[in-house]
Amino acid sequence: MTPVLDLAGIFVFALSGALEGVRKRLDAVGIAVLAFFTAVGGGIVRDLFIGVQPAALRDTWYLLVPIAAAVIAFFWHPQVERAMPGVLVFDAAGLGLFCAVGTSKALHYGLAPMHAVFLGVCTAVGGGVIRDVLSGEKPSLLYDRELYAVPAMLGSATMAVLYALGVRGFVATLSSAVLAFAFRMLAMRYRWRAPLARASAGGSERRGRHRPRPRSGHRRERRTAAFEREQMGTRRNLTRN
């Protein structure tokens with residue numbers, strides 16, 4: 027039987043994908059597709075890397091829950107938008123749960139800790155990347171200013187460390203998920219942002235001093251204007267004489 031917490035995370039992720047479809051003015055089918063891949067896309071990518079049949083293709087609940095989220099977003103999206111602060115809390119919980127479960131499954135199939143951490147992050151954020159690509163947006167993972175992938179990385183790394191120390195099962199999953207959830211909530215509460223590389227001052231000064239060479243058309247216009255002024259001056263001199 028599919029765990030209730032897993033289904034809750036799938037529902038919240040599917041809801042975010044469905045709302046994106048509503049904002050993009052997609053039809054009902056497009057909204058359902060975005061909801062499905064946002065919810066289970068990361069897990070499918072993880073299972074394909076591991077080499078097992080994706081869980082989303084074995085359990086009917088993995089299909090029914092995203093469809094239910096798509097229906098809710100399609101008919102009641104204004105009410106869902108107003109409840110977004112609460113939805114973000116569940117989204118953070120789903121992020122923590124997915125990164126922990128994804129890392130645990132990768133370790134269970136014998137992957138190295140670093141690879142397992144990578145697949146844990148893929149499980150948590152892969153669906154969002156697929157959602158952005160399908161909706162024609164730049165993947166938000168590449169502009170992680172709001173620290174979404176970083177909490178997933180922290181939770182996945184914690185899961186790998188606990189697994190190496192012999193702490194496994196429910197305790198390890200809960201500890202890793204709670205840590206990722208807490209980090210994500212703190213990042214939203216205090217608006218933590220990822221650092222950006224600063225442009226070099228020398229490069230800015232050089233760019234400021236640089237003046238683009240005028241195009242040939244502009245040069246011809248200036249030469250024509252100068253020639254006309256010269257002709258006008260000549261005519262004035264002849265008139266005076």
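In this note's numbering, the protein residues as written are 27 to 267. Note that beta-carbon positions come from the ideal geometry of N, C-alpha and C, so glycine has one too.
Which residues bound the alpha helix (DSSP H) around Arg217?
As a first step, residue 217 must be located in the sequence shown, where it is residue number 191. Neither: Arg217 is in no alpha helix (DSSP H) and is coded neither H nor E.
For a cutoff of 7 angstroms on Cβ pairs, would you count Gln105 as touching chain D?
Looking at the structure shown, chain D is missing, and only one protein chain is on hand.
Give the straight-line distance between the Cα atoms of Val147 and Thr129, rounded to the nearest whole angstrom.
As a working note, residue 147 is residue 121 in the sequence shown. As a working note, residue 129 is residue 103 in the sequence shown. Cα to Cα, the separation comes out at about 8 angstroms.
Taking just the CA atoms, how far does Phe144 sit from Pro92?
Mapped onto the sequence shown, residue 92 falls at position 66. Mapped onto the sequence shown, residue 144 falls at position 118. Distance between the alpha carbons of Pro92 and Phe144 is about 25 angstroms.
Just mark Leu83 as buried or exposed, buried being the case when its beta carbon has 16 or more other beta carbons within 10 Å.
The sequence position of residue 83 within the sequence shown is 57, counting from 1. Leu83 is exposed by the Cβ-count criterion.
Pick from Ala99, Ala109, Ala132 and Arg215: whose alpha carbon is nearest that of Asp15?
Residue 15 lies beyond the range of the chain shown here (27 to 267); nothing can be said about it.
How would you label Glu107, buried or exposed, when you count the other beta carbons within 10 angstroms and need 16 or more for buried?
As a position in the sequence shown, residue 107 is number 81, starting the count at 1. Looking at its Cβ environment, which holds fewer than 16 other Cβ atoms inside 10 Å, Glu107 is exposed.
In whole angstroms, what separates the C-alpha of Gly122 from that of Lys164?
Here residue 122 refers to the residue found at position 96 when the sequence shown is read from its first residue. Here residue 164 refers to the residue found at position 138 when the sequence shown is read from its first residue. C-alpha separation (whole angstroms): 23 angstroms.
Excluding sequence positions up to five away, which residues of its chain have a Cβ less than 7 angstroms from the Cβ of Val38?
Position 12 of the sequence shown, counted from the start, is the residue given in the question as residue 38. Around Val38: Val113, Phe116, Asp117 and Gly120.
Nearest to Thr199 by alpha carbon, out of Arg219, Ile36, Val127 and Ile76?
For the purposes of this step, residue 199 is taken as residue 173 along the sequence shown, with counting starting at 1. The shortest C-alpha separation from Thr199 is found at Val127.
Endpoints, the alpha helix (DSSP H) within which Pro92 is located
Mapped onto the sequence shown, residue 92 falls at position 66. Trp87 to Arg108 is the span of the alpha helix (DSSP H), which, as asked, contains Pro92.
Going by C-alpha distance, which of Ala95, Pro177 and Pro139 is nearest Met214?
Within the sequence shown, the letter at position 188 stands for residue 214. Comparing Cα positions, the closest option is Pro177.
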